[in-house]
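> Each number in my numbering corresponds to the 1-based position in the sequence shown with 111 added.
Here a beta-carbon is modelled for each residue, glycine too, at the ideal position from N, C-alpha and C.
Treat the numbers as computed from the prediction; the structure is a model and nothing was measured.
Dropping a structure here in C-alpha cells format, bear with me for questions.
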Amino acid sequence: MTATSQQPADLGALILTLNAGSSSIKFALYSVADGDLVLTAKGQVEGIGTAPRFLAKAADGTRLAESYWEPVEAGFGHARALRQIWHWLVETAADERIIAVGHRVAHGGERYADPVLIDPKVTEDLAALIPLVPLHQPNNLAAIRAVATDLPDLPQVACFDTGFHRGRPLVSEQFALPRALLDRGLKRYGFHGLSYEFIVAQLRELAPDLATGRVVVAHLGSGCSMSALRDGRSIETTMSFSALDGLPMGTRCGTLDPGVLLYLMREDGLGVNDLERLLYQESGLLGLSGISNDLRDLKASTAPTAAAAIDYFIYRIGQHLGALCATIGGLDALIFTAGIGENDPDTRARICANAAWLGIAIDAAANARGDGCISPPGQTPSVWVIPTDEERMIARHTLAVVGAAGLPAA
Ligand code: ADP
112 MTATSQQPAD LGALILTLNA GSSSIKFALY SVADGDLVLT AKGQVEGIGT
162 APRFLAKAAD GTRLAESYWE PVEAGFGHAR ALRQIWHWLV ETAADERIIA
212 VGHRVAHGGE RYADPVLIDP KVTEDLAALI PLVPLHQPNN LAAIRAVATD
262 LPDLPQVACF DTGFHRGRPL VSEQFALPRA LLDRGLKRYG FHGLSYEFIV
312 AQLRELAPDL ATGRVVVAHL GSGCSMSALR DGRSIETTMS FSALDGLPMG
362 TRCGTLDPGV LLYLMREDGL GVNDLERLLY QESGLLGLSG ISNDLRDLKA
412 STAPTAAAAI DYFIYRIGQH LGALCATIGG LDALIFTAGI GENDPDTRAR
462 ICANAAWLGI AIDAAANARG DGCISPPGQT PSVWVIPTDE ERMIARHTLA
512 VVGAAGLPAA
C-alpha cells in the first residue's frame, strides 16, 4: 500500500545507487547534467525481514513516497524490497531514464580494487568472496542479481568498500599468522573505503595542502573505523579482515583478544552462529550499556552503564588515534565524519581533549557548528568535520565506468 507518491524533479538521465545492508537497502538517484551529478531523490527500505518500510525523499528532504508491507519468506526480503524501489521508479517514470546502477559491494578481494562493470564472471567472483564477508556480500549480490534478472540490459557497476585500502604496506596488511593463511587471503583488508575516498576528494577541494599530508579520518557511525592516510592513500586502518576489528561500534565489539573466543568456545560451547551474533549484534555500545546501540540514547540515559559505554568508546578512539599517528609519523589533520562524527560535538570535544598531547585543540563555537575546520586558525594539527557521502562516490564511479566502457547511455 503506497501512502504517498510524488514525482522527483525531471532532470534527464539518471544514475541509481544501491547500498544493500543486512536489513536495509539505501538508494539514491542522481541526474547527470554535463558530467555533473545532481541528487534528485534518495531513500531506503528498512526493516527487511521484520517490518519493511519504504521511504523516498527529494534532495531537499521533502517526502515523496512511503509504503509498508508484510515481511516475506526469509531469503526473499531483499528482492521484495528492491521490487518496491523499482515500483516507485516506474510509478514516477524515473525508470526509463536510468542509465546505470551502482552498487556498494563489501568485498572486492584480491582481484577487484577499482569499480568494475558487472557481468556474470564478476558476479561469480564476488560470490566466491562470500566466506570472507558472510553477513554483507550476500545482500549486495542479491541486489545485483535482482536488477540483472528484471533488467538484464541495464549496466551495473560494483564499487568496493575494500578498494581504497588496497596497496597498503605488507606490514599493515598482514596478521602474524602462518604465511599459508596469508596466501589463502586471511589479511587485513579494511572497509568503509568509499567513505574515505569521498573524504579525500572533499579535502582536496577544501585544503589541498592537507590532502597531501598525514591525516587520520574517524568514520564514526553505526559502524566505526579510522584510517591513517598519507598523500590521500590509506596506510593503516582499524577494521581489518572483517568489519568487527578496531573501534567499538553500535553493536560490534571492535578489537578483541582472540583468546576470549577460545574461552567461550571451550567453556560455554559457543558455536559459529552464537559467536557471530555475540560479536556483530550484541556487543559494542549496546553490549556495554545494556541499553542501546545509539549514542543519542546513551547520552540521554542516566544509567551508569550508559556513561561507562561512552567512556569506553572515547577511550578506544583515543588509543587507536595514537597508534594510527605512529604509522604515518605524526598528524597534520584529524577529520570527523559519519553519523556520530558529523553530529555530536560532545564526542568530538572529548576525543580532542584526550588528544591534546598531539597538539590538538578545537574552537568551541566552530565545534558546535560542526562544519569544516573546527580548530583555531593556525592550529596544527587542524581538526575538521566533513560529511561523508558514499552514495555520491558510488554514483561518480558508476558514471566513470559506464563512460569508459563507451556505453551508449553515458
Ligand atoms: P550508518 O552506518 O547506518 O550509515 P550513520 O553514519 O548514519 O550510520 O550513523 C548512525 C549513528 O550515528 C546512530 O546510530 C547514532 O548513534 C549516531 N548519531 C546520529 N546523530 C547523532 C547525534 N546528533 N548525536 C550523537 N549520535 C548521533
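1. Reducing DSSP to helix, strand and coil, say where Tyr179 ends up.
2. Counting along the chain, where does the beta strand (DSSP E) carrying Arg341 start and finish?
3. Counting along the chain, where does the beta strand (DSSP E) carrying Trp495 start and finish?
4. Over what stretch of residues does the alpha helix (DSSP H) that includes Ile505 continue unbroken?
5. Return helix, strand or coil for Asn404, following the three-state DSSP convention.
6. Near Ala114, which residues of its chain fall below 7 Å by C-beta distance, leaving aside the five closest residues on each side in sequence?
7. For the region 173-241, list the beta strand (DSSP E) runs that are entirely contained and at least 3 residues long, ordered along the chain.
8. Quick check: what's the CA-CA separation for Cys484 versus Phe302?
9. For the putative contact between Arg480 and Phe309, defined by C-beta atoms under 8 Å, what is the C-beta separation to the nearest angstrom?
10. Spatial neighbours of Phe447 within its chain, please: CB distance less than 6 Å, with the 5 preceding and 5 following residues excluded, ordered by chain position.
11. With respect to 6 Å, is the separation between the Cβ of Gly172 and the closest non-hydrogen atom of ligand 1 below this value?
12. Near ligand 1, which residues have their beta-carbon less than 6 Å from any of its heavy atoms, given in chain order?
13. I believe Asn130 touches Glu501 by the beta-carbon criterion, under 8 Å. Please report the beta-carbon distance rounded to the nearest angstrom.
14. To the nearest angstrom, how far is the alpha carbon of Arg377 from that of Asn384?
15. Go ahead and label Asp294 buried or exposed: buried means 16 or more other beta carbons lie within 10 angstroms of its beta carbon, across all protein chains shown.
16. Counting only runs of 3+ residues fully inside the region 364-449, write out the beta strand (DSSP E) ranges in chain order.
17. Ile159: buried (16+ other C-beta within 10 angstroms of its C-beta) or exposed?
18. Tell me whether Ala521 sits in a helix, a strand or coil according to DSSP, three-state version.
19. What residue does the beta strand (DSSP E) around Phe352 start on, and which one ends it?
20. Around the Cβ of Leu396, are there at least 16 other Cβ atoms within 10 angstroms (buried) or fewer (exposed)?
21. Just verifying my parser: in three-state terms, what is the DSSP assignment at Gly154?
22. Under three-state DSSP, which class holds Gly483?
23. For Arg325, collect the residues of the same chain with a Cβ closer than 7 Å to its Cβ; drop the 5 residues on either side in sequence, then sort them by chain order.
24. Would you report the Cα separation of Ala511 and Val201, rounded to the nearest angstrom?
25. Does the separation of the CB atoms of Gly154 and Ser142 fall below 7 Å?
26. Which stretch, first to last residue, makes up the alpha helix (DSSP H) that contains Ser283?
27. At the level of alpha carbons, what is the spacing between Gly433 and Cys463?
28. Do you know offhand how far Val371's Cα is from Leu390's?
29. For the beta strand (DSSP E) containing Ala167, list its first residue and its last residue.
30. Taking only three categories from DSSP, how would you classify Ser142?
31. Consult DSSP for Ala269 and reduce its assignment to one of helix, strand or coil.
32. Tell me the DSSP secondary structure of Asp261 in three-state form.
33. For Leu125, which residues from the same chain have a beta carbon less than 8 Å from its beta carbon, with the 5 sequence-adjacent residues on both sides left out?
From the atom records:
1. Locating residue 179 in the sequence shown gives position 68, where the first residue counts as 1. Tyr179 falls in the strand class under three-state DSSP.
2. Position 230 of the sequence shown, counting from 1, holds the residue named residue 341. DSSP places Arg341 in the uninterrupted beta strand (DSSP E) bounded by 335-341.
3. Within the sequence shown, residue 495 is the residue found at index 384, counting from 1. Start and end: 493-496.
4. Start at 1 with the first residue of the sequence shown, and residue 505 comes out as number 394. Ile505 -> alpha helix (DSSP H) spans 501-515.
5. Indexing the sequence shown from 1 puts residue 404 at position 293. Shown here, Asn404 sits in coil according to DSSP, grouped into three states, outside any helix or strand.
6. Numbered from its first residue, the sequence shown carries residue 114 at position 3. The pLDDT assigned to Ala114 is 45, lower than 50, so where the model puts this residue is not dependable, and the model offers no usable value.
7. List check, beta strand (DSSP E) in window: 174-179, 209-216.
8. Counting from one through the sequence shown, the residue named residue 484 turns up at place 373. Counting from one through the sequence shown, the residue named residue 302 turns up at place 191. Roughly 25 Å between the two C-alpha positions.
9. To locate residue 480, count along the sequence shown from 1; it is residue 369. To locate residue 309, count along the sequence shown from 1; it is residue 198. Not a contact, Cβ separation roughly 21 Å.
10. As a first step, residue 447 is located in the sequence shown; it is residue number 336 there, counting from the start. Ala329, Arg459, Val496, listed in sequence order.
11. Here residue 172 refers to the residue found at position 61 when the sequence shown is read from its first residue. It does not: the Cβ of Gly172 is nowhere closer than 6 Å to a heavy atom of ligand 1.
12. Taking each Cβ in turn, the ones that pass are Gly332, Ser333, Gly334, Gly361, Asp405, Leu406, Arg407, Ala449, Gly450, Ile451, Asn454, Asp455.
13. Looking up residue 130 in the sequence shown gives position 19. Looking up residue 501 in the sequence shown gives position 390. The distance from the Cβ of Asn130 to that of Glu501 is about 7 Å, consistent with a contact at the 8 Å cut-off.
14. Within the sequence shown, numbered from 1, the residue matching residue 377 stands at position 266. Within the sequence shown, numbered from 1, the residue matching residue 384 stands at position 273. As the crow flies, the alpha-carbon of Arg377 is around 15 Å from that of Asn384.
15. The residue labelled residue 294 in the question sits at position 183 within the sequence shown. It counts as exposed.
16. Note on the region 364-449: whole beta strand (DSSP E) runs with a minimum of 3 residues are 444-448, in chain order.
17. For the purposes of this step, residue 159 is taken as residue 48 along the sequence shown, with counting starting at 1. In this structure Ile159 is buried. Its beta-carbon is surrounded by 16 or more other beta-carbon atoms within 10 angstroms.
18. Working through the sequence shown from its first residue, we reach residue 521 at position 410. Below a pLDDT of 50, predicted positions are generally treated as unreliable, and Ala521, at 43, falls in that range; the measurement from the model is reported next regardless. In this structure, Ala521 counts as coil in the three-state DSSP scheme.
19. Counting from one through the sequence shown, the residue named residue 352 turns up at place 241. For Phe352, no beta strand (DSSP E) segment is defined, and its DSSP state is neither H nor E.
20. Along the sequence shown, read from residue 1 onward, the residue named residue 396 stands at position 285. Here Leu396 is buried: its Cβ has 16 or more other Cβ atoms, across all protein chains shown, within 10 Å.
21. Counting from one through the sequence shown, the residue named residue 154 turns up at place 43. Correct three-state label for Gly154: strand.
22. Taking the sequence shown and counting its residues from 1, the one referred to as residue 483 is at position 372. When DSSP states are grouped into helix, strand and coil, Gly483 belongs to the strand group.
23. Indexing the sequence shown from 1 puts residue 325 at position 214. Excluding positions up to five away in sequence, the list reads Arg341, Ile439, Gly440, Gly441, Leu442, Asp443.
24. As a first step, residue 511 must be located in the sequence shown, where it is residue number 400. As a first step, residue 201 must be located in the sequence shown, where it is residue number 90. So the alpha carbons of these two residues sit roughly 25 Å apart.
25. Mapped onto the sequence shown, residue 154 falls at position 43. Mapped onto the sequence shown, residue 142 falls at position 31. In this structure, Ser142 does not lie closer than 7 Å to Gly154 by Cβ.
26. What you label residue 283 is simply residue 172 of the sequence shown in a count that begins at 1. Segment 281-284, the alpha helix (DSSP H) holding Ser283.
27. The count along the sequence shown starts at 1 and reaches residue 433 at position 322. The count along the sequence shown starts at 1 and reaches residue 463 at position 352. The alpha-carbon of Gly433 is positioned some 12 Å away from that of Cys463.
28. What you label residue 371 is simply residue 260 of the sequence shown in a count that begins at 1. What you label residue 390 is simply residue 279 of the sequence shown in a count that begins at 1. So the alpha carbons of these two residues sit roughly 11 Å apart.
29. One-based indexing of the sequence shown puts residue 167 at position 56. Annotation: the continuous beta strand (DSSP E) that includes Ala167 extends over 164-169.
30. For the purposes of this step, residue 142 is taken as residue 31 along the sequence shown, with counting starting at 1. Of the three classes helix, strand and coil, the one that applies to Ser142 here is strand, per DSSP.
31. Working through the sequence shown from its first residue, we reach residue 269 at position 158. When secondary structure is reduced to three states using DSSP, Ala269 falls in the strand class.
32. The residue labelled residue 261 in the question sits at position 150 within the sequence shown. DSSP places Asp261 in the helix class (H, G or I) of the three-state scheme.
33. Taking the sequence shown and counting its residues from 1, the one referred to as residue 125 is at position 14. Around Leu125, the same chain offers Leu140, Tyr141, Ser142, Val143, Thr151, Ala205, Arg208, Ile209, Ile210 as residues with beta carbons nearer than 8 Å, after the five sequence neighbours per side are excluded.
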